[in-house]
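Engineer:
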Amino acid sequence: MALYHIEENTLAPIKKTAFEQEALRERQDIQRLLKENIEVLEDDLLVISEEYGEFEESRRRIDLLAVDSDANLVVIEIKRTSDGGHMELQAIRYAAMVANMTWENAIDAYDQYLESIEDAESKLLDFLKWDEPKRDEFANRIRIILTSADFSKEITTSVLWLNQMDLDITCIRLELFKLNDDLIINSQQIIPLPETESYQIAVREKRREIQAAKESYKDRSTYTLLMNNEVYEEGFKKSDLGYIAVTALSEYGLLDQAGFEFLRADKSCSFQLLKTLDEITDNEKKYSKYRYKKQPEIIFNNEGYFVARNWGVLYVDGFIEKLANQFKALQILKD
């Protein structure tokens with residue numbers, strides 16, 4: 012973006028410069044100036060911490076941590092580079108680290124930031140226009156603001172995709188110009204484009220509604236298992252179907268060699284029902300297809316086995332029917 016200075020009847024271009032060229036440092040200069048003039052980035056922001064780093068087992072620090080007028084936490088990451096470095100990855104880490112921040116945590120951070128000179132809680136309540144703390148409404152979403160002299164294509168592409176995945180990331184470009192001995196900063200929001208922001212918010216809200224509708228159609232059925240017509244376990248979900256069935260058969264002494272081999276070979280849920288720890292693949296571990304981090308769930312012939320838990324709706328009825336045909340004492344009912 013070019014800036015021009017009006018000189019009588021002509022427009023004279025204002026020379027563009029760089030933070031490095033003008034010896035402006037990232038933390039001591041740019042961060043300090045933005046902290047005191049946060050409206051340069053966005054209206055209705057309140058900075059509650061600088062260099063926030065109250066994280067377990069981490070030395071990372073958030074440049075600026077703010078709250079917006081909707082009581083969302085806002086992680087602000089600042090770079091003076093012309094490509095933004097890897098700031099989007101850093102900011103996502105920071106957002107995850109403060110995702111569980113409570114009202115009390117925020118007040119503690121703000122109190123340290125104010126150096127206890129002012130009442131942190133009163134100032135935050137005034138900013139939010141709350142008469143009293145509304146803990147259930149605080150920090151329900153974490154927003155991210157990235158600000159840099161410019162952004163690489165890798166960052167802008169990543170941010171656009173992440174926003175489609177329901178993150179809330181804003182990119183603001185800070186361009187530095189020089190007019191005589193004066194330095195001029197031009198703050199420009201490039202993602203999302205201001206003229207499309209309201210539309211993108213509407214799209215994001217619609218996506219959430221669709222996802223919520225999908226969630227409402229998920230199968231949340233529960234089951235009851237009977238042994239010899241007596242209730243063994245009730246109210247369990249389909250993910251525990253195989254585990255409870257195998258456990259019941261074992262406890263009732265119904266697992267002879269033939270019964271065990273029948274269960275061992277079963278792949279009703281698309282995965283082998285029983286596996287030893289050594290047999291569980293890395294991919295099955297990654298997607299938690301077996302509870303392999305616990306003790307073996309069944310012992311047979313002095314060997315420990317884990318039970319598959321990948322029970323989709325389509326697999327359940329067939330497995331129940333197979334069990335009923337093989338083990339006459341066992342019955343599984345849908346609640």
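When you read off a place in the sequence shown, starting at 1, and then add 11, the result is the number in my numbering.
Beta carbons are placed, not taken as given, at the ideal position from N, Cα and C, and that holds for glycine.
If you're wondering where the values come from, they're calculated on a predicted model, not measured in any experiment.
Please give the ranges of any beta strand (DSSP E) in the region 70-117, keeping only runs that are unbroken, at least 3 residues long and fully inside the region.
Structural biologist: Runs of the beta strand (DSSP E) inside the region 70-117: 73-79, 84-89.
Engineer: Helix, strand or coil, according to DSSP, for D122 in the structure here?
Structural biologist: D122: helix per DSSP, three-state reduction.
Engineer: Applying the 10 Å Cβ sphere with the 16-neighbour rule, what's the burial state of E262?
Structural biologist: Classification for E262: exposed.
Engineer: Does the region 125-138 come within contact of the region 186-200, defined as at least 3 CB pairs closer than 8 Å?
Structural biologist: No, they do not touch.
Engineer: If you drop the 5 nearest sequence neighbours on each side, which residues of the same chain put their C-beta closer than 7 Å to that of T233?
Structural biologist: Taken in chain order, the residues that qualify are G246, F247, K248, D346.
Engineer: Between the beta-carbon of I59 and the beta-carbon of Y121, is there less than 7 Å?
Structural biologist: Yes, they are a contact pair.
Engineer: From the DSSP output, which residues share a beta bridge with V318?
Structural biologist: Partner(s): L285.
Engineer: Nearest by alpha-carbon distance to F311: which of K286, I331, D328, L344 is it?
Structural biologist: If we check each option's Cα against that of F311, K286 comes out closest.
Engineer: I'd like to check one pair, R152 with N83: are the Cβ atoms closer than 7 Å?
Structural biologist: Yes, Cβ-Cβ distance for N83 and R152 is below 7 Å.
Engineer: Since I156 and I183 are thought to touch, with beta carbons under 8 Å apart, how far apart are those beta carbons, to the nearest angstrom?
Structural biologist: That belief holds up - the Cβ atoms of I156 and I183 are roughly 6 Å apart, short of 8 Å.
Engineer: Count the other CB atoms, across all protein chains shown, that sit within 10 Å of the CB of Y228; report buried if there are 16 or more and exposed otherwise.
Structural biologist: Low local confidence applies: a pLDDT of 49 at Y228 is under 50, so the model's placement there is unreliable, and no value is given.
Engineer: On a Cα-Cα basis, can you pick out the residue from R91, E18, V86, A117 that is closest to A107?
Structural biologist: Ranking the options by Cα distance to A107, first place goes to V86.
Engineer: Rounded to the nearest angstrom, what separates A318 and H97 at their Cα positions?
Structural biologist: The question names Ala, but residue 318 in the sequence shown is Val. Approximately 42 Å between the Cα atoms of the pair.
Engineer: Can you give the Cα-Cα distance for W141 and L341, rounded to whole angstroms?
Structural biologist: If I take the Cα positions, the gap works out to 58 Å.
Engineer: Out of T168, A110, L185, state which residue places its alpha-carbon closest to the alpha-carbon of I41.
Structural biologist: Selected option, being the one with the closest Cα: L185.
Engineer: Pull up the DSSP beta-bridge partners for M238, would you.
Structural biologist: Per DSSP, E241, L341.
Engineer: Please classify D289 as buried or exposed, where buried requires at least 16 other C-beta atoms within 10 Å of its C-beta.
Structural biologist: Classification of D289: exposed, given that the 10 Å Cβ count is below 16.
Engineer: Closer than 8 Å is the cut-off here; do at least three beta carbon pairs connect the region 317-336 with the region 301-308?
Structural biologist: Cβ pair count under 8 Å is three or more, so yes.
Engineer: Is Q306 helix, strand or coil when you go by DSSP?
Structural biologist: Note: Q306 maps to coil in three-state DSSP.
Engineer: Indicate whether D79 and D55 have their beta-carbon atoms separated by less than 7 Å.
Structural biologist: Contact: yes.
Engineer: Is the Cβ-Cβ distance between A269 and Y243 less than 7 Å?
Structural biologist: Going by C-beta atoms, A269 is not nearer than 7 Å to Y243.
Engineer: Could you give the C-beta distance for A160 and S250, rounded to a whole number, given that I count them as a contact under 8 Å?
Structural biologist: Not a contact, Cβ separation roughly 50 Å.
Engineer: Taking only three categories from DSSP, how would you classify F330?
Structural biologist: Residue state, collapsed to three classes: helix.
Engineer: Would you tell me roughly how many angstroms separate the C-alpha atoms of T113 and L125, rounded to the nearest one?
Structural biologist: Computed Cα separation, rounded: 18 Å.
Engineer: Assuming contact is defined by CB atoms lying nearer than 7 Å, are I166 and N174 in contact in what I supplied?
Structural biologist: No, these two residues do not count as a Cβ contact at 7 Å.
Engineer: Taking L157 as part of the beta strand (DSSP E), name the residues at either end of that continuous run.
Structural biologist: Where L157 is concerned, the enclosing beta strand (DSSP E) stretches over 153-159.
Engineer: Quick check on this structure: which residue in V257, C280, S281 has the alpha carbon closest to the alpha carbon of E272?
Structural biologist: Considering only alpha carbons, the answer is V257.
Engineer: What whole-angstrom Cβ distance do L139 and V109 have, given they're in contact under 8 Å?
Structural biologist: Not a contact, Cβ separation roughly 17 Å.
Engineer: Report all residues from its chain with a CB closer than 6 Å to the CB of C395; omit the five preceding and five following residues, and keep chain order.
Structural biologist: With the chain represented from 12 up to 346, any question about residue 395 goes unanswered, as that position is not in the structure.
Engineer: Name the one or two DSSP bridge partners that T258 has.
Structural biologist: T258 is not bridged to any residue.
Engineer: Along the alpha helix (DSSP H) that carries F138, what are the first and last residues, could you check?
Structural biologist: That run of the alpha helix (DSSP H) goes 131-139.
Engineer: One question on the structure: do L14 and F188 come within less than 7 Å of each other, judged by their Cβ atoms?
Structural biologist: In contact: L14 and F188 (Cβ atoms closer than 7 Å).
Engineer: By alpha-carbon positions, which one of T28, I89, N20 ends up nearest to I351?
Structural biologist: In the structure displayed, the chain extends from 12 to 346; residue 351 sits before or after that span and is not available.
Engineer: Considering S198, what are the terminal residues of the alpha helix (DSSP H) in which it resides?
Structural biologist: Element bounds for S198: not the alpha helix (DSSP H) but the beta strand (DSSP E), 193-202.
Engineer: So, L265 versus F338, is the Cβ gap smaller than 7 Å?
Structural biologist: Yes, the pair counts as a contact, with Cβ atoms nearer than the cut-off.
Engineer: If contacts are defined as beta-carbon pairs under 8 Å, then L204 and H16 qualify, I think. What distance do you get, rounded to the angstrom?
Structural biologist: About 27 Å; that fails the 8 Å criterion.
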